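Participant:
Numbering (the UniProt record's numbering), first residue to last: 1 to 243.
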């Protein structure tokens, strides 16, 4: 069976407390010695019992270890102020470098736009011209590449649309057939009475009109007007006979 878990609290019995102290002290000093040997570390352990008795272990000498400890403690207390000033100095230097770099980049951008060219030498102007030419060539190449991709995509879409329609031997006509309907028949079917004038107008529009010149009223109107004139003449003749 394994050992039971021991509750970590003050031992009330003095004898038991003394026995436990002796065992744990020996174990702690042994572990410190092993740590110093195995890991080549400088280890120091100071123990005071409840009665005030001193127990210690040091792999390199207690005085040397304590002196080293005090130096590290003093340097760690002074380090925050020195480190803070050093950090501020580095930050200020980095900030100045970033400002200079930003100014140079802004100046280069203006020169690429054809501005701020007064302080440039002939060699610098030639280099700037070369950069602009290279940039222009890169833009043209990219433009041609995009146009080629768009044309290829359009061609693929056309091929896909052709595959959707069934293939036939007869070519598909690209126009709509139109058969004109005779207006005369249209009017008859709708129940409209065709008069000679209307027929003559349609005939004129269709190109079948008579080109001869005819003087006088139309035949129907002439007949209708002729009948009243005959009646009027007959009445006049009858009245003359009565006289």
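The beta-carbon is built from N, C-alpha and C at its ideal position, and this holds for glycine as well.
All values derive from a computational prediction rather than experimental measurement.
According to DSSP, simplified to helix, strand and coil, what is residue 101?
Facilitator: helix
Participant: If you draw a straight line from the C-alpha of residue 87 to the C-alpha of residue 70, how long is it?
Facilitator: 25 angstroms
Participant: Counting C-beta neighbours from all protein chains within 10 Å, is the total for residue 246 16 or more, i.e. buried, or is it exposed?
Facilitator: Look at the range of the chain in this structure, 1 to 243, and you will see that residue 246 is not part of it.
Participant: Can you tell me the Cβ-Cβ gap for residue 116 and residue 110, rounded? I've got them flagged as a contact below 8 angstroms.
Facilitator: 4 angstroms
Participant: Are the beta-carbon atoms belonging to residue 60 and residue 45 less than 7 angstroms from one another?
Facilitator: no
Participant: Terminal residues of the continuous alpha helix (DSSP H) containing residue 32?
Facilitator: 14-39
Participant: If contacts are defined as beta-carbon pairs under 8 angstroms, then residue 25 and residue 55 qualify, I think. What distance do you get, rounded to the angstrom?
Facilitator: 6 angstroms
Participant: Quick one: what does DSSP say residue 58 is sitting in, helix, strand or coil?
Facilitator: strand
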